[in-house]
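Following: one structure in structure tokens, then a few remarks.
Written as structure tokens, this is what we have:
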């Protein structure tokens, strides 16, 4: 078992098909580093892709299965491992060989027979640079996370503003975000897409800020002119958010603009049909209608769950994407729990 000091030492992977070369490298570097060894390219890749990847790789070029060049190429093509520094250690000492190795992404090139002090110095230098690089990445990631969190709060607050505008339930955008995420999860979205969907759903109705109160709060049916005004809120929302290269705001704008489009092409404001409607807009449409049916509004009482589900099912292939509606029904029990957990009677939640 390794002691605490051993666990905190950097790990160097020595890859060479010669046991003598591995033994020599282990003697040279063993006093300062944890050493892992691989006698083939395949074994090296297994160790690199394992749960505890090395901090640096010393890589021979001439090996019987995969060449060092091919091993390097594969590692550099892997987003999760491409930053690990690779130093070629080889008897191939021409300028062309060195140029190829560096072009493939290696950070250095050591020729055999090795000089132990040179190997120690090169390894120490590149591990230090790698540590600096990882610390810089950590700081950038932390700062990026802070900026993203700030944008998320702005999005949530604008979503709240739209709720107050038409007196929808205080937790409407919270429920919407969770329901949309469950639909996306069942539909097979990956973690990054699910997080993006969860973060941006709150902005779907921000355009209602631009609709007069006497229309939004009207207890009875709307006139044709009033409906015309209400149907401008997706475009207003898109204009409020604006066009951005930032992914979070760009997706929020897409949702605001497209969540009232219908699968059969009879929605608004653009009359998009089927898969012309952005995926997130199709998901949010289902979550929005379900929550609206289940909630009290100035113009209607809350519908019972059974009636709501019946209405949802009747809109398959008309209002809703059939595949996404199937995803909704597959998660209906969890969705009902979300509705209870974030009920408006329980006060504002999710901030």
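Numbering (this note's numbering), first residue to last: 78 to 428. Glycine included, every Cβ here is placed at the ideal spot set by N, Cα and C. As the structure is a prediction and not an experimental result, all values here were calculated from the model.
- Taking C-beta separations shorter than 8 Å and ignoring five residues to either side along the sequence, the partners of residue 253 in its chain run 278, 279, 281, 361, 364, 365, 368, following chain order.
- In its chain, beyond the 5 residues on either side, 335, 338 have a beta carbon closer than 6 Å to the beta carbon of residue 354.
- The segment 117-130 makes no contact with the segment 175-182: fewer than 3 CB pairs, one atom from each, lie closer than 8 Å.
- Under DSSP, the beta-bridge partners assigned to residue 163 are 134.
- Contact between the segment 261-273 and the segment 395-405 is established, with three or more Cβ pairs separated by less than 8 Å.
- Secondary structure at residue 188: strand, using DSSP grouped into helix, strand and coil.
- Put simply, the segment 96-107 does not touch the segment 153-164. Fewer than three CB pairs are less than 8 Å apart.
- For the 8 Å CB-CB criterion, residue 87 and residue 204 form a contact.
- Judged by DSSP in its simplified three-state form, residue 400 adopts helix.
- Taking 8 Å as the cut-off, the Cβ atoms of residue 376 and residue 295 count as close.
- Excluding residues up to 5 positions away in sequence, 339, 340, 341, 344, 362, 366 lie with their Cβ nearer than 8 Å to the Cβ of residue 396 in the same chain.
- DSSP places residue 415 in the uninterrupted alpha helix (DSSP H) bounded by 409-418.
- For residue 266, there is no enclosing beta strand (DSSP E), as DSSP marks it with neither H nor E.
- Going by DSSP, residue 150 is part of the alpha helix (DSSP H) stretching over 145-153.
- DSSP places residue 288 outside both helix and strand once states are collapsed to three, so it counts as coil.
- In the DSSP assignment, residue 283 falls outside any alpha helix (DSSP H), carrying neither H nor E.
- For residue 382 and residue 319, the gap between their C-alpha atoms comes out near 37 Å.
- By the criterion of a C-beta distance shorter than 7 Å, residue 189 is surrounded in its chain by 166, 167, 168, once the five residues flanking it on both sides are discounted.
- The segment 292-309 and the segment 322-330 do not touch, with fewer than three beta-carbon pairs separated by less than 8 Å.
- Annotation for residue 118: 140, 142, 143, 148 place their beta carbon closer than 6 Å to its own, counting only its chain and skipping 5 residues before and after.
- Assignment of residue 120 by DSSP, reduced to helix, strand and coil, places it in the helix class.
- Judged by their CB atoms, residue 135 and residue 91 are nearer to each other than the 8 Å cut-off.
- Under the three-state reduction of DSSP, residue 168 is assigned to coil, being neither helix nor strand.
- Residue 126 sits exposed, since fewer than 16 C-beta atoms from the chains shown fall within 10 Å of its C-beta.
- For residue 112, the uninterrupted beta strand (DSSP E) segment begins and ends at 111-115.
- CA-CA distance, residue 276 to residue 258, rounds to 9 Å.
- Under a 10 Å Cβ-count criterion, residue 200 is classified as buried, with 16 or more other Cβ atoms of the shown protein chains found around its own Cβ.
- Annotation: residue 223 to residue 379 spans about 39 Å, alpha carbon to alpha carbon.
- In the structure shown, residue 393 falls within a strand segment according to DSSP collapsed to helix, strand and coil.
- Nearest C-alpha to residue 211 among 187, 158, 308, 120: 158.
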